[in-house]
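Novice: One structure follows; several queries about it will come next.
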Amino acid sequence: MLIICIIAFACSTESTDNAQLANPASTHCVENGGSLEIVDRDDGQVGVCTLSDGTRCEEWAFYRGECPKACDPCPEYVMPGPEFCPNGAIIQGIPDDCGCAGPPICMKK
């Protein structure tokens, strides 16, 4: 009797698991402040991520880091006084991805 029950449940074709995996590119768009739109094209559908600055990029290209980054105006830093770096030189900070200089750095002698 036990064998019949095992066979009956093992051969069942009804699926009880309806969970679906999220598209990682779509998830990446939303997690980075974007909104996703599915666009119909001649070659099928494509997801387009619209970021808060208005930049639009195909979702998988955005996921791979292939979309140009919109840059804000560069911040301006006031050079600190000599007490900031008593035994070194105060230099301009390292530029970021947009070419903006980072905050001043103390370069030890």
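Positions 33 to 141 (this note's numbering) are the ones given, in order, by the sequence shown.
Cβ coordinates follow ideal geometry from the N, Cα and C atoms, glycine included.
If you draw a straight line from the C-alpha of residue 111 to the C-alpha of residue 90, how long is it?
Specialist: If I take the Cα positions, the gap works out to 41 Å.
Novice: Does the distance from the CB of residue 87 to the CB of residue 67 come in under 8 Å?
Specialist: No; because the gap between Cβ atoms is not below 8 Å, this pair is not in contact.
Novice: Roughly how far, in whole angstroms, is the beta-carbon of residue 79 from the beta-carbon of residue 70, given that I think they are within contact range, below 8 Å?
Specialist: Indeed they touch by this definition, with Cβ atoms about 6 Å apart.
Novice: Report the three-state DSSP secondary structure of residue 57 (helix, strand or coil).
Specialist: In the structure shown, residue 57 sits in a helix (DSSP, three-state: H, G or I).
Novice: Should residue 138 and residue 113 be called a contact, given that it needs their Cβ atoms to be closer than 8 Å?
Specialist: Result no, Cβ atoms of residue 138 and residue 113 do not sit closer than 8 Å.
Novice: Counting only the same chain and skipping the five closest in sequence on each side, list residues whose C-beta sits under 6 Å from that of residue 38.
Specialist: No answer about residue 38 holds up, because its pLDDT of 49 lies below 50 and its placement is not dependable.
Novice: What's the call for residue 94, buried or exposed, on a 16-neighbour Cβ count within 10 Å?
Specialist: Classification of residue 94: buried, given that the 10 Å Cβ count is 16 or more.
Novice: Where DSSP assigns a beta bridge to residue 72, which residues make up the other side?
Specialist: Per DSSP, 77.
Novice: Can you tell me whether residue 167 is buried or exposed? The criterion is at least 16 other CB atoms within 10 Å of its CB, across all chains shown.
Specialist: The requested residue 167 does not occur in the structure, where the chain is confined to residues 33 to 141.
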